[in-house]
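One structure below.
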Amino acid sequence: MSKHDSTPKFPNSYLGNNSLDYDSSIWMERNQKKTTILCLQYLYDERLDILEKPDILKDEPSFILDLGCGTGFSTEILLESGFRVVGVDVLDDMISKVKNKKNHMKNQNNLELILADINFIPLRRSSINHAISISAYNFITHKAESIREKTKIANNTAKYLYTLLKPNGRIIIEFYPKDDNELDIFSSSFKTNGFTGFVVKQNPNQKSGQTFLLLKKRLLYISQ
Ligand SMILES: C[S@@+](CC[C@H](N)C(=O)[O-])C[C@H]1O[C@@H](n2cnc3c(N)ncnc32)[C@H](O)[C@@H]1O
10 MSKHDSTPKF
20 PNSYLGNNSL
30 DYDSSIWMER
40 NQKKTTILCL
50 QYLYDERLDI
60 LEKPDILKDE
70 PSFILDLGCG
80 TGFSTEILLE
90 SGFRVVGVDV
100 LDDMISKVKN
110 KKNHMKNQNN
120 LELILADINF
130 IPLRRSSINH
140 AISISAYNFI
150 THKAESIREK
160 TKIANNTAKY
170 LYTLLKPNGR
180 IIIEFYPKDD
190 NELDIFSSSF
200 KTNGFTGFVV
210 KQNPNQKSGQ
220 TFLLLKKRLL
230 YISQ
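Residue numbers (our numbering): 10 to 233.
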């Protein structure tokens, strides 16, 4: 998401005409789809295999959450890759575009859309195999005014996602942290709430560049 719009503001960048511009941008479509393909490679990353065996990646059918699905560029790739997809977005202006495009998507019957906040998704516990979030996850703390508040929100969200995932479920998050502190808040929130995993930076020399969190639900974890 860095080239054309380096610092999108939530929610304004995704409302009204901005949502139309977003959805009709060829550059954005390419960028989101390319990143989704990369996220799927990370979902199967063998470094995650080593952590927390046994694995359930080959379970069928595989439900995947697209957290902050926007206008559905990532969703489309997930459907084409054979997943049953639950797309979640908090803005009607964005998710309504997916509804309009759904009929033209491959495997459209494997798609459910939910207008909801990432923190309050009406799904049963342990009902989801995996989750991805592309260029959306950092917005969960957009209202936070202090580091303490940011940390609290990030912890609550990680805790909540833990309950939705099946054992060994994986999450891949792509985002552009503002600084090392923000990266640490998100990364630690998962580590302290039942996940194992690690950070991958596309360009290790760039502090605020494209960053991926590769996460896997731990089997033995006692929630506090
Ligand atoms: C860059 S856009 C979507 C990118 C998406 N991967 C795509 O392919 O279009 C980010 C999205 O995150 C959504 N979002 C931000 N905060 C959210 C939250 N708390 N819960 C759900 N969605 C959220 C926004 O509404 C916006 O549609």
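Note that the Cβ used here is the ideal one computed from N, Cα and C, for glycine as well.
Only a predicted model underlies this, so the values are computations on that prediction, with no experimental measurement involved.
Take the Cβ of residue i as the centre, count every other Cβ of all protein chains shown within 10 Å, and call the residue buried at 16 or more, exposed below.
| i | result |
| --- | --- |
| G218 | exposed |
| Q215 | exposed |
| H13 | At H13 the pLDDT is 49, less than 50, meaning the model places this residue with poor confidence; the figure from the coordinates comes in the next sentence. Burial call: exposed. |
| K225 | buried |
| D32 | buried |
| F129 | exposed |
| Q50 | exposed |
| P186 | buried |
| D98 | buried |
| Q117 | exposed |
| I104 | buried |
| E236 | Only positions 10 to 233 of the chain appear in the structure, and residue 236 is not among them; the question remains open. |
| L29 | exposed |
| E191 | buried |
For a test of the three-state rule: what should DSSP assign to residue i, helix, strand or coil?
| i | result |
| --- | --- |
| A140 | strand |
| F207 | strand |
| F184 | strand |
| K18 | coil |
| L132 | coil |
| T150 | helix |
| E220 | The displayed chain sequence assigns Thr, not Glu, to residue 220. Note: T220 maps to strand in three-state DSSP. |
| Q215 | coil |
| I127 | coil |
| M103 | helix |
| M37 | helix |
| N164 | helix |
| T201 | coil |
| H13 | Residue confidence is low: H13 scores 49 on pLDDT, short of 50, so the model does not pin down where it sits. No coordinate-derived value is stated. |
| S28 | helix |
| N116 | coil |
Below 8 Å on the Cβ atoms is my guess for residue i versus residue j; work out the distance and round it to an integer in Å.
| i | j | result |
| --- | --- | --- |
| A153 | F199 | Going by Cβ atoms, the distance from A153 to F199 rounds to 17 Å, so no, they are not a contact pair. |
| N147 | F204 | Actually they are not in contact, since the Cβ atoms of N147 and F204 sit about 17 Å apart, beyond 8 Å. |
| S196 | V209 | 11 Å between Cβ atoms; not a contact. |
| N202 | N164 | 6 Å |
Hey, would you say residue i sits closer than 8 Å to residue j, going by beta carbons?
| i | j | result |
| --- | --- | --- |
| S5 | H139 | Because the chain is modelled from 10 through 233, residue 5 falls outside the range shown and cannot be assessed. |
| I137 | L174 | yes |
| I73 | V94 | yes |
| L76 | S22 | no |
| L122 | L24 | no |
| C48 | I181 | yes |
| K115 | F82 | no |
| G206 | L228 | no |
| G96 | L132 | no |
| L88 | T45 | no |
| L52 | R179 | yes |
| T80 | K111 | no |
| T220 | I194 | no |
DSSP beta-bridge partners for residue i?
| i | result |
| --- | --- |
| G96 | D75 and L122 |
| R179 | H139 and K225 |
| L57 | Answer by DSSP bridge pairing: none, since L57 is not bridged. |
| L174 | I137 |
Hey, does residue i have any beta-carbon neighbour from chain C nearer than 8 Å?
| i | result |
| --- | --- |
| K226 | The displayed structure is made up of one protein chain only, and chain C is not part of it. |
Given the structure, does residue i come close to ligand 2, in the sense that its CB is under 7 Å from one of the ligand's heavy atoms?
| i | result |
| --- | --- |
| M103 | Only ligand 1 can be found as ligands here, which leaves ligand 2 out of the picture. |
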